[in-house]
Amino acid sequence: MNQSVAVLTVDGVLDTANSAALRDAIVATTLDQPSAVVVDVSTLRVRAESAWTAFIGARWQLPPGADVPLVVVCAQRANRDALARSGVARLMPVYSSEKGAIRALGRRTRRSVRRADAQLPADLTSLRESRRLVREWLTEWSQTTLIPVALVVVNVFVENVLEHTGNVPAMRVESDGATATIAVSDGSNTPAVRLPPPEEGIDVSGLAIVEALSRAWGSAATASGKTVWAVIGPENQL
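Position 172, counted from 1, in the sequence shown is what the UniProt record's numbering calls 172; the numbers after and before it change by one each time, with no gaps.
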């Protein structure tokens, strides 16, 4: 397996102005279908922590059916902590050395990740259809305990696309047997941002609910717009 691992070494300075170039370079490295892509950022200097979401954008920019694991190597403890805060470590492994990453990939048995995609219409029927598909897929994958939270999450994401962009929502659901990841993409490059909570009362905005119900969530730019995602696990129950 190690013979076909692609290693992409990134140095210089990463900021919000060039993070899209990093994202697209990662995606381009996957096109030859290596067994995995290791991105080594040990010497990279990062000016804006939000630029780390380039890795998440690359992950969601991979086309349906592209099963190329993305692995990050970062020797700097401070940057590994930043990768965790930005949500990258929730979606892909992060190692402190290239040797450790290659060794882990060599031991890796292909974990069965179930994945399903759907393009939804740009109208209110998407709300019902997205919930139906999430229920159907998670039932088929024996993840019924995650269904109540997953239905809330996907409803918020699809509703936001319809209300704020008018675009066609594209939905992807993944499950590794322990967690589920709900992602909805659209053609708008305006990131999904949780508004500041009200000075009085309870914040019941959609993204506040998603944040309360999930392990992690985020919004990442892709070449065609953005993807909003959330990871839920057994501890996320209604």
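In this text, a Cβ means the ideal position worked out from N, Cα and C, and glycines have one as well.
No experiment lies behind these values; they were computed from the predicted model shown.
Grouping DSSP H, G and I as helix and E and B as strand, with all else coil, what is A221?
On the sequence shown, position 221 is the one that residue 221 refers to. Strand at A221.
Contact between the region 89-100 and the region 118-130 (3+ Cβ pairs under 8 Å):
no
Quick one: Cα of L146 to Cα of V154, how far?
Reading the sequence shown from its first residue, position 146 is the one you call residue 146. Reading the sequence shown from its first residue, position 154 is the one you call residue 154. Looking at the two C-alpha atoms, the distance is approximately 12 Å.
Consult DSSP for W60 and reduce its assignment to one of helix, strand or coil.
Locating residue 60 in the sequence shown gives position 60, where the first residue counts as 1. W60: helix per DSSP, three-state reduction.
Assuming R23 is part of the beta strand (DSSP E), what are its boundary residues?
Start at 1 with the first residue of the sequence shown, and residue 23 comes out as number 23. Unbroken run through R23 is the alpha helix (DSSP H), 19-29; no beta strand (DSSP E).
DSSP three-state label for A178, please.
Position 178 of the sequence shown, counting from 1, holds the residue named residue 178. Note: A178 maps to coil in three-state DSSP.
Selection from V210, K226, R114 that minimises the alpha carbon distance to P64:
For the purposes of this step, residue 64 is taken as the residue at position 64 of the sequence shown. Minimum Cα distance to P64 is reached at R114.
Are residue 242 and A220 closer than 8 Å when you measure CB to CB?
With the chain running from 1 to 238 in the structure shown, residue 242 is simply not present.
Going by beta-carbon coordinates alone, are A230 and M171 separated by less than 8 Å?
Counting from one through the sequence shown, the residue named residue 230 turns up at place 230. Counting from one through the sequence shown, the residue named residue 171 turns up at place 171. Contact: no.
Sort out for me which residues DSSP pairs I209 with in a bridge.
Taking the first residue of the sequence shown as position 1, residue 209 is located at position 209. Bridge partners of I209: none, in fact.
Distance check for N18 and A223, CA to CA, integer angstroms please.
Taking the sequence shown and counting its residues from 1, one reaches residue 223 at position 223. Taking the sequence shown and counting its residues from 1, one reaches residue 18 at position 18. Each residue's Cα considered, the two are about 13 Å apart.
My assumption, with CB atoms under 8 Å, is that L8 sits in contact with A25. Please give the rounded CB distance.
Translated into the one-based positions of the sequence shown, residue 8 becomes position 8. Translated into the one-based positions of the sequence shown, residue 25 becomes position 25. Their Cβ separation, rounded to whole angstroms, is 7 Å, which keeps L8 and A25 in contact under 8 Å.
Per-residue DSSP class, three states only, for G100
Position 100 of the sequence shown holds residue 100. DSSP places G100 in helix when its eight states are reduced to three.
S86 versus D67, V68, F55, residue with shortest Cα-Cα distance
Here residue 86 is taken as the residue at index 86 of the sequence shown, counted from 1. Among D67, V68, F55, the Cα nearest to that of S86 belongs to F55.
Quick one: what's R172 bridged to in DSSP?
Reading the sequence shown from its first residue, position 172 is the one you call residue 172. Answer is D117, A183, bridged to R172.
On a Cα-Cα basis, can you pick out the residue from R215, A192, V5 that is closest to R103?
The sequence position of residue 103 within the sequence shown is 103, counting from 1. Here the closest residue by C-alpha is V5.
Check residue 242 in the structure and name its three-state DSSP category.
The structure shown does not extend to residue 242, since the chain is modelled only from 1 through 238, so no value can be given for it.
Out of V46, L62, A180, which has the shortest C-alpha to C-alpha gap to L213?
Counting from 1 along the sequence shown, the entry for residue 213 is found at position 213. When each option's Cα is compared against that of L213, the closest is A180.
Under 8 Å between C-beta atoms of L70 and V37:
Position 70 of the sequence shown, counted from the start, is the residue given in the question as residue 70. Position 37 of the sequence shown, counted from the start, is the residue given in the question as residue 37. Going by C-beta atoms, L70 is nearer than 8 Å to V37.
Based on Cα-Cα distance, which residue from R215, L238, K226 lies nearest to I232?
Here residue 232 refers to the residue found at position 232 of the sequence shown. Among R215, L238, K226, the Cα nearest to that of I232 belongs to R215.
N167 to L62 span [Cα, whole Å]:
If you number the sequence shown from 1, residue 167 lands on position 167. If you number the sequence shown from 1, residue 62 lands on position 62. Approximately 20 Å between the Cα atoms of the pair.
Beta bridge counterpart(s) of R45 as assigned by DSSP:
Taking the sequence shown and counting its residues from 1, one reaches residue 45 at position 45. Per DSSP, V13.
Proximity winner among R132, V173, A208, relative to N160 (alpha-carbon distances)
As a working mapping, residue 160 is identified with position 160 in the sequence shown. Checking every option, the nearest Cα to that of N160 belongs to A208.
Who pairs with W137 in a beta bridge, going by DSSP?
Taking the first residue of the sequence shown as 1, we reach residue 137 at position 137. In DSSP, W137 forms no bridge with anything.
Could you check how far apart the C-beta atoms of G178 and K226 are, in whole angstroms? I think they sit under 8 Å.
For this step, residue 178 is matched to residue 178 along the sequence shown. For this step, residue 226 is matched to residue 226 along the sequence shown. Note on identity: in this sequence residue 178 is Ala, with Gly being the wrong assignment. Actually they do not touch by this definition, with Cβ atoms about 27 Å apart.
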